[in-house]
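In UniProt numbering, the protein residues as written are 1 to 390. Worksheet: the structure to be examined is printed underneath.
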Ligand SMILES: Cc1ncc(COP(=O)(O)O)c(C=O)c1O
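Put into structure tokens, the structure is as follows:
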């Protein structure tokens, strides 16, 4: 698999025909034809018509499960495209890298991962993100370190070294031409078989996708509830693995109860985190109080906020910054409560269960921290912003 070491310049599917290394990986179709002969790899599938279809009805017709069609690879691919086009999404997928095909595609219909990937059927994968703001990747280095640590905890061998992974991610962002959105990436033990052990996985896999999201930001205050879903034990909560079932269930529980997010308490009853964000409080004595990271995910945004908050201490808006265990009573009687994460940035919590937090309005420290973070996203130092050269 010579192309897997080809990480200094990844082929995009626009120029794939000229890349012999990768063409050799392209599977043959049922017709024995290389898929790229049909423009399938050039993001131009819309131009070709299906080779052999005697299906009179369209894919969007009501589906009869009595006559499930047997499809050629190309037909399945075309139906995949039509299925994608049949639903509206605020998110657009601009580019995907896969070590399985050793390149980047800008065709959403080709943005798939193998069914026998251990991450798909056993959850043996880890992931991370980085925001794309005004053409810069925000905190890529910090997220990448957490990503590699998650992979180590999940015993997933790296398919490339850290610098090569970074180059792949940056090239994927470049190919996407996206200026506002996010980069998400996964490491998995890879495809191979459907066994429980990853021993049969031929090689670990790296996937990355760039998602453009132009929906307007909403930073208004929210309600949260205490979740009834058990928290992951620290060994798993500290790893950003693809096992987000508990996180999804807590989010659903929050929504069912008129909340935005649900808050986990740890095994000792201390405040832990939300389903995809950390939490912080401002005490009545003007101290920023954040739960320790030893039993929860070490949030890159929360850690950055701790640094940015030092400005507020200098300005006298905060008296102190403390990272320690927080009791529910301390949390509920705080002057301010906020959710912090790469998705929410800093969002005030106005109500936790039946308890109104502070005066029930977005507090001054939460607002100031959101302002500092937004500024950092747009014009922070080189340690947190990596310009993408499109
Ligand atoms: C469980 C959990 N906690 C906290 C966070 C916040 O981390 P970050 O600020 O790096 O996005 C996330 C992010 O997705 C998460 O999934």
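By construction, the Cβ of each residue, glycine as well, lies at the ideal position given by its N, Cα and C atoms. This structure is a prediction, so every number in the text was calculated from the model and none was measured.
Original post:
Relative to the alpha-carbon of residue 347, which residue among 246, 153, 281 and 104 has its alpha-carbon at the smallest distance?
Top reply: 281
**OP:** Return the chain-ordered list of same chain residues with a C-beta closer than 6 angstroms to the C-beta of residue 225, the five sequence neighbours on each side being excluded.
**Re:** 254, 257, 259, 262 and 353
Subject >> residue 241 - partner residues in DSSP beta bridges >> reply: 126
Original post:
residue 202 by DSSP, collapsed to three states: which one?
Top reply: coil
Subject >> Buried/exposed call for residue 124, threshold 16 Cβ in 10 Å >> reply: buried
Subject >> Selection from 288, 345, 355 and 336 that minimises the alpha carbon distance to residue 325 >> reply: 288
**OP:** Indicate, with yes or no, if ligand 2 has a heavy atom lying under 8 angstroms from the CB of residue 240.
**Re:** Ligands in the displayed structure: ligand 1; ligand 2 is not one of them.
Original post:
Does the Cβ of residue 237 lie closer than 8 angstroms to at least one heavy atom of ligand 1?
Top reply: yes
**OP:** Output the boundary residues of the beta strand (DSSP E) element that contains residue 340.
**Re:** 336-341
**OP:** Return the first residue and the last residue of the beta strand (DSSP E) that residue 281 is part of.
**Re:** 278-282
Original post:
Can we say the segment 214-222 touches the segment 189-199, given the rule of at least three CB pairs closer than 8 angstroms?
Top reply: no
Subject >> Buried/exposed call for residue 390, threshold 16 Cβ in 10 Å >> reply: exposed
**OP:** Spatial neighbours of residue 370 within its chain, please: CB distance less than 7 angstroms, with the 5 preceding and 5 following residues excluded, ordered by chain position.
**Re:** 219, 345 and 346
**OP:** For the beta strand (DSSP E) holding residue 184, just list the boundary residues, first then last.
**Re:** 181-188
Original post:
Should residue 207 and residue 113 be called a contact, given that it needs their Cβ atoms to be closer than 9 angstroms?
Top reply: yes
Original post:
First and last residue of the alpha helix (DSSP H) that includes residue 76?
Top reply: 73-85
Subject >> Opening and closing residue of the beta strand (DSSP E) in which residue 285 lies >> reply: No beta strand (DSSP E) contains residue 285, which DSSP labels as neither H nor E.
Original post:
To the nearest angstrom, how far is it from the Cα of residue 335 to the Cα of residue 356?
Top reply: 10 angstroms
**OP:** Please find out if some non-hydrogen atom of ligand 1 comes closer than 8 angstroms to the beta-carbon of residue 100.
**Re:** no
**OP:** Could you tell me whether the Cβ atoms of residue 405 and residue 96 are closer together than 9 angstroms?
**Re:** What the structure shows of the chain is the stretch from 1 to 390, and residue 405 is not part of that stretch, so it cannot be assessed.
**OP:** Just grab the DSSP bridge partners of residue 347 for me.
**Re:** 339
Original post:
Does ligand 1 have a heavy atom nearer than 8 angstroms to the CB of residue 292?
Top reply: no
Original post:
Mapping DSSP to helix, strand and coil, what is residue 332?
Top reply: helix
**OP:** Report whether the distance from the Cβ of residue 273 to the nearest heavy atom of ligand 1 is below 8 angstroms.
**Re:** yes
Subject >> Nearest-angstrom Cβ-Cβ length linking residue 132 and residue 180, presumed shorter than 8 angstroms >> reply: 6 angstroms
Original post:
Quick one, are the C-beta atoms of residue 130 and residue 183 less than 9 angstroms apart?
Top reply: yes
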